[in-house]
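Q: Have a look at this one before I ask anything.
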Amino acid sequence: MVISAIRGGIGFLTRVPIGHDKKAWDAFRQTPVAFTVIGYPLGTLVALPFVLLSIVPVPTLIGVYLLILIGVTGITHIDGIADIGDAAVVHDTDDEHSRRRSVLHDSQVGVGGALAVTVTVVSLALGVLGATRTTPQVTFILVLTAEVGAKSAMALLVCTGDAAHDGLGAALIDESTPLSLFPVILALTPLLLGIPYLGAGSTAAVVLTPLIVALVIKQWADDALGGISGDVLGAVNEVSRAAAIHAGVVVWTL
Numbered sequence: 010m011v012i013s014a015i016r017g018g019i020g021f022l023t024r025v026p027i028g029h030d031k032k033a034w035d036a037f038r039q040t041p042v043a044f045t046v047i048g049y050p051l052g053t054l055v056a057l058p059f060v061l062l063s064i065v066p067v068p069t070l071i072g073v074y075l076l077i078l079i080g081v082t083g084i085t086h087i088d089g090i091a092d093i094g095d096a097a098v099v100h101d102t103d104d105e106h107s108r109r110r111s112v113l114h115d116s117q118v119g120v121g122g123a124l125a126v127t128v129t130v131v132s133l134a135l136g137v138l139g140a141t142r143t144t145p146q147v148t149f150i151l152v153l154t155a156e157v158g159a160k161s162a163m164a165l166l167v168c169t170g171d172a173a174h175d176g177l178g179a180a181l182i183d184e185s186t187p188l189s190l191f192p193v194i195l196a197l198t199p200l201l202l203g204i205p206y207l208g209a210g211s212t213a214a215v216v217l218t219p220l221i222v223a224l225v226i227k228q229w230a231d232d233a234l235g236g237i238s239g240d241v242l243g244a245v246n247e248v249s250r251a252a253a254i255h256a257g258v259v260v261w262t263l
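So the sequence shown is numbered by the working numbering: it starts at 10 and just counts up by one.
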């Protein structure tokens, strides 16, 4: 079951060509911990460029990091940021929930969406830039931990949220309950191995910040959209990753 769920999750969260089938997809929907588990190999992969931090220029490494991240995960989650950004600027309508949800399905990107994507990507790049001022080991672990945290933030919403409408969000949320969070929490414990490098405070910051971001966005989504959608999940992934790296760097430098 877990192996099948991981396979389904890889097909959902990445562009890795492992194929898609209903059994794996259903297993993934019923196993939110797969989000967190997939974060480990994915985080390791995108963090690999930073082992060369002492010999390769920092701007080059950040560029390679972004290319790997986008190349492996695609733009689906970034598209979620764009849609949420457009929905966030909708106001003064009789039925804001309905109007905002309709914006989520609009293929055109407005000013709000463009700004949201720009701020998120620039924030991520600046966060990684700050991380590179530490050491190769610290940078690697920060980036890895942030990726696991971002995926766990998605799992948190899947386990605790209510779907805004029938769709991708509902397909995931309807199969989970808050009790499904316990395996997610257990799956985060290997990150404690990073404490000798990051310190307890920085490790806690990188792990907890994505979860806090998820709860904040959940509150907004409940009020503005009537619940969680696939776009909200994608936005949480992108925003929480950037926020986690910034939080980890700030605490590490204190």
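Cβ coordinates follow ideal geometry from the N, Cα and C atoms, glycine included.
#1: Taking the Cβ atom as the reference point for each residue, do V193 and A173 lie within a distance shorter than 7 angstroms?
#2: Mind checking G80: buried by the 16 CB within 10 Å criterion, or exposed?
#3: When you compare the segment 186-203 with the segment 33-47, are there three or more beta-carbon pairs, one atom per stretch, that lie closer than 8 angstroms?
#4: Measuring CB to CB, does A252 end up less than 7 angstroms from V216?
#5: Go to D240, then tell me how far its alpha helix (DSSP H) extends in each direction, as first and last residue.
#6: What number of angstroms, rounded off, separates the C-alpha of S189 from the C-alpha of I64?
#7: Put A173 into one of helix, strand or coil per three-state DSSP.
#8: Check whether the segment 116-131 and the segment 85-100 touch, using three or more Cβ-Cβ pairs below 8 angstroms as the test.
#9: Keeping to the same chain, check which residues put their C-beta closer than 6 angstroms to that of R250; ignore five residues upstream and five downstream.
#10: Please list the terminal residues of the continuous alpha helix (DSSP H) segment that includes S132.
#11: For G136, which residues of its own chain have a beta-carbon under 6 angstroms away from its beta-carbon, when the five flanking residues on both sides are left out?
#12: Take A14 as the anchor and find which of L181, E247, T262 has the nearest alpha-carbon.
A: This is what the structure holds:
#1: no
#2: exposed
#3: yes
#4: no
#5: 239-262
#6: 43 angstroms
#7: coil
#8: yes
#9: A155, A159
#10: 120-140
#11: A251, I254, H255
#12: L181
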